[in-house]
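Chain order of the listed sequences is A and B. Letter 210 of the first sequence, counting from 1, is numbered 210 in the UniProt record's numbering, and no numbers are missing. Letter 163 of the second sequence, counting from 1, is numbered 163 in the UniProt record's numbering, and no numbers are missing. C-beta: ideal position from N, C-alpha, C; glycine also.
Number of protein chains: 2
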Amino acid sequence: MNNNKLTELNEQAIKYIAVGAAVLGTGGGGDPHIGKLMAMEAIRKYGPVRVVRPEDLGDDDLVVPLSMIGAPTVMNEKIPSTEQMTKPLDLIEKELGRKVNAIMPIEVGGGNSLVPVLAAAERGIPILDADAMGRAFPESQMVTFHLDGIDCSPITMADERGNGVLMHAIDGIWEERMARAITIQMGGSASICDYPVSGAQVKQSAIPHTLSLAYEIGKTLFESKELRQNPIEALLMQLHGYALFHGKAVDIRRRTEGGFTRGEAVFEGTDAQKGRTMRLFFQNEFLLATEDGRSLAVTPDLIALLDQDTGMPITTENLKYGARVTAVGFPCDPKWRTPKGLETVGPQYFGYDTPYVPIEELAAGKGGDL
Amino acid sequence: MNNNKLTELNEQAIKYIAVGAAVLGTGGGGDPHIGKLMAMEAIRKYGPVRVVRPEDLGDDDLVVPLSMIGAPTVMNEKIPSTEQMTKPLDLIEKELGRKVNAIMPIEVGGGNSLVPVLAAAERGIPILDADAMGRAFPESQMVTFHLDGIDCSPITMADERGNGVLMHAIDGIWEERMARAITIQMGGSASICDYPVSGAQVKQSAIPHTLSLAYEIGKTLFESKELRQNPIEALLMQLHGYALFHGKAVDIRRRTEGGFTRGEAVFEGTDAQKGRTMRLFFQNEFLLATEDGRSLAVTPDLIALLDQDTGMPITTENLKYGARVTAVGFPCDPKWRTPKGLETVGPQYFGYDTPYVPIEELAAGKGGDL
């Protein structure tokens, strides 16, 4: 699935990654269209960005994740400037007294997969082909670095007005509290660098080659059209995934609260699935899909909504009444299935009263009763 | 009133200042008892702290205000450690790349008058005999530095757990928003350095000799007891103040919201004032006193509640049902009576639908209808 051949981010790569990242984004991770627009503009102005693989890093290299934090509903309205994206980098370089060797996406899912491109292009810094989620999650501490006890500090943030913040948080939970409070004050979205890591820490804790994975997913969806293949079938093959439900959206409740987009959506089955009903729960990302009191897929496994005709992913923000979708699920990175992983991003953390059952077992008819 | 003779903060000086600062604190500024306890402990451990006057500063000296931010209700429960008080200083020295020459209280009113003593004693840094309010106010931008357009950044904050924050805010209003949000996350109170200033800026914008003033007020109240003088009369003479009302508290509504202690209290007249009713409105500080729809005293002029017997000041927090008090008022520093001053701390800012009328005019029977 990963051929690790992604060596630079050019227009073609950005087009593919934007779509692949929207699949991996499970509805969230920031609007992929905004990430794509920012990245395209950046490489048109500054040229393509070089991609480095984790295995090419020196152990002492400084790698800094750069992303947007906040509610996707707000990010759609406020496209960040170059200054807003480079300011957290400047603040962290000043604090650490050294230059950044590579910028990485904190999450490969959604727009945050491409958010680093603007700063990387302007500064001539390469982007790492890895992330710390292998998908998207809504809170700051929901990263593989947290599972391995890596310090999240220093953390730097900026808004579009010129406000900048540097924090030393005692752990990822405190980062989340303080950074979220600042984000709300900054108008609901902000740029942020957190978990600055060494090359050695990347090799130990990051999820490798996820930009390549997003690229390959996007390539599959675009090429299946040309090859007249069924894009959803091609995708499920590629990701070892499962079709969960075919239907149309009949009820969507979405609210922006506490710096998140939260809510649920209801789908009625169509065609062969007429009479069935699926409920989908989200906090920025799709986190739980159920049918008649049984789980179909549970966080941290991935849930995506795909357009029935094109196979193109649909975000939490852009889901509309009447949309005809296929819900698909696929297994998360094994790091999330550990006790600490499930404590951090399992269904109980998000307040869902249901146990985690791996999607392979749910698909095989084992477990899943709420 | 100011003899500028305060050269060091020893136990006697701290005892006087704590009481004088509670008068100038108009009910807020942090609990003076907590400030006193912290300061006493510090000088017992490290020895007295030297006091410098504004006129003794070099124009290029670095002067850093250090205070507690938050709701007094919370501060009563969480006495800060030495580490919590020195951490914002360390962060600001690191950011500015130089040592602090003097620490100053941001507000002379309440416990914040003495909060700098702990860090000053531990670090051997003198304290400045000046502040940026001449009283206490609830929000960060309510300082004379703000009136003169002085940059509030860098701002540094710390909590008791080890979390630290450095902010570059574009102005004092943005500082207030972000610092207040962080304070709430930090559990409702935090230590903070803001408006780092030069000696020249102190001379231009600070209110001089206010620690000396607090000392003199405390001295008056303590000595009047020994001299069998009426302490309240002595105080009104000293501060060119006015007795507003004699009565007892019959209703107190106090809530902690948005990082503040807000509410109002109602007093019924006693003795010669039987039949009269005074209402007192507060947001950390007493901001407006009214009787029968007429203002008795209006922010930014100072309002204090004094115990009828001892003349000792009573804070917003410690006001109890049935307390017999004399409400007094006295004029604020002229800087607050300018258009920019009134825009920043006048009654409209706090949401009171009443014009500002100087207390001298209200006492002379001019204006004051709500």
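Determine the direct distance from the alpha carbon of B:P65 to that of B:M157, and round the result to whole angstroms. Between B:M157 and B:P65, the C-alpha separation is close to 12 Å.
Check the Cβ-Cβ distances between A:I69 and every residue of chain B, and say whether any is below 9 Å. For A:I69, the answer is no, since every Cβ of chain B falls outside 9 Å of its Cβ.
So, A:L114 versus A:P80, is the Cβ gap smaller than 9 Å? Between A:L114 and A:P80, the gap from beta carbon to beta carbon reaches 9 Å or more.
Just by C-beta distance, which residues in the UniProt domain "S-Me-THD N-terminal" (13–168) of chain B are closer than 7 Å to chain E? Here the protein chains are A and B, and chain E is not one of them.
Residues that B:M38 bridges to, as DSSP identifies them: In DSSP, B:M38 forms no bridge with anything.
What does a CB cutoff of less than 7 Å around A:P138 pick up in its chain, not counting 5 residues either side in sequence? The beta carbon of A:P138 lies closer than 7 Å to those of G28, F260, Q283, N284, E285 in the same chain, with the five residues before and after it left out.
For a cutoff of 9 Å on Cβ pairs, would you count B:I192 as touching chain A? Chain A has no Cβ within less than 9 Å of the Cβ of B:I192.
For B:K99, count neighbouring Cβ atoms within 10 angstroms of its own Cβ and tell me buried if that reaches 16, exposed if not. Only exposed fits B:K99, as fewer than 16 other CB atoms lie within 10 angstroms of its CB.
Got a sec, what are the start and stop residues for the beta strand (DSSP E) A:I103 sits in? Its beta strand (DSSP E) spans residues 102–104.
Reference A:F281; option with closest CA among A:L319, A:F145, A:R50: Residue A:L319 is the option with its Cα nearest to A:F281.
Along the chain, which unbroken stretches of the beta strand (DSSP E) at least 3 residues long are found entirely within the segment 102–189 of chain B? Segments of the beta strand (DSSP E) lying fully in the segment 102–189 of chain B: 102–104, 155–158, 164–168.
Nearest-angstrom Cα distance between B:N3 and B:V49? Per-residue confidence for B:N3 stands at a pLDDT of 48, beneath the threshold of 50, marking its modelled position as unreliable; no derived number is given.
Give the range of the alpha helix (DSSP H) segment to which residue 371 of chain B is assigned. Only positions 1 to 370 of chain B appear in the structure, and residue 371 of chain B is not among them; the question remains open.
Going by the beta-carbon positions, is the gap between residue 373 of chain B and B:V143 smaller than 9 Å? The structure shown does not extend to residue 373 of chain B, since chain B is modelled only from 1 through 370, so no value can be given for it.
Which runs of the beta strand (DSSP E), 3 residues or longer, sit entirely within the segment 278–343 of chain B? Listed in chain order, the beta strand (DSSP E) elements of length 3 or more contained wholly in the segment 278–343 of chain B are 285–291, 294–298, 302–307, 324–330.
Assuming A:P231 and A:T310 make a contact with CB atoms under 8 Å, what is their CB distance in whole Å? Going by Cβ atoms, the distance from A:P231 to A:T310 rounds to 7 Å, so yes, they are a contact pair.
Beta-carbon proximity check, B:Y356 vs B:T290, cutoff 9 Å: No. Outside cutoff.
What whole-angstrom Cβ distance do B:L305 and B:A327 have, given they're in contact under 8 Å? Contact between B:L305 and B:A327 holds, with the beta-carbon distance rounding to 6 Å and staying under 8 Å.
Out of curiosity, what's the CA-to-CA distance linking B:E8 and A:Y195? In this model, B:E8 and A:Y195 are separated by some 45 Å (Cα to Cα).
Using a C-beta to C-beta distance shorter than 7 Å, which residues of chain A count as neighbours of B:I184? Within 7 Å Cβ-Cβ: A181.
Would you mind giving the Cβ-Cβ distance between A:V51 and A:L6, rounded to the nearest angstrom? I have them listed as a contact below 8 Å. Right, their Cβ atoms sit about 5 Å apart.
Given that B:I170 touches chain A, what residues does it touch there, using C-beta distances under 7 Å? In chain order: R161, G162, N163.
Would you mind reading off the limits of the alpha helix (DSSP H) that contains B:I69? B:I69: not part of any alpha helix (DSSP H); member of the beta strand (DSSP E) spanning 62–70, first to last residue.
Using a threshold of 9 Å, state whether the C-beta atoms of A:D90 and A:V108 are closer than that. If you check the CB distance, A:D90 and A:V108 do not come in under 9 Å.
Beta-carbon of B:R177 versus every beta-carbon of chain A: anything under 9 Å? At least one CB atom of chain A sits nearer than 9 Å to the CB of B:R177.
Can you tell me whether DSSP reads B:P48 as helix, strand or coil? Coil at B:P48, not helix or strand.
DSSP on B:H33, reduced to helix/strand/coil? Correct three-state label for B:H33: helix.
Between B:G218 and B:A42, is the Cβ-Cβ spacing less than 9 Å? By the CB criterion at 9 Å, B:G218 and B:A42 fall outside the cutoff.
How would you list, in chain order, the residues of chain B whose beta-carbon sits under 7 Å from the beta-carbon of A:W174? Ordered by position in chain B, the residues that pass the 7 Å Cβ test against A:W174 are N163.
Same chain, Cβ closer than 7 Å to B:E176, five either side skipped, listed in chain order: E139, S140, Q141.
Enclosing alpha helix (DSSP H) for B:A234 [first to last residue]: First-last of the alpha helix (DSSP H) with B:A234: 231–239.
Is B:Y242 helix, strand or coil when you go by DSSP? The answer is strand: DSSP assigns B:Y242 an E or B state.
Residue 378 of chain B in three-state terms, based on DSSP: Coverage of chain B is limited to positions 1 through 370, which leaves residue 378 of chain B absent and any answer about it impossible.
Assign B:D301 to one of two classes, buried (16 or more other C-beta atoms within 10 Å of its C-beta) or exposed (fewer than that). Residue environment: B:D301 is assigned as buried (16 or more neighbouring CB atoms within 10 Å of its CB, all protein chains considered).
Using 9 Å as the threshold, is the C-beta distance between A:A179 and A:A169 below it? If you check the CB distance, A:A179 and A:A169 come in under 9 Å.
Do A:Y321 and A:Y16 count as a contact pair if the criterion is CB distance below 9 Å? At a Cβ-Cβ threshold of 9 Å, A:Y16 and A:Y321 do not count as neighbours.
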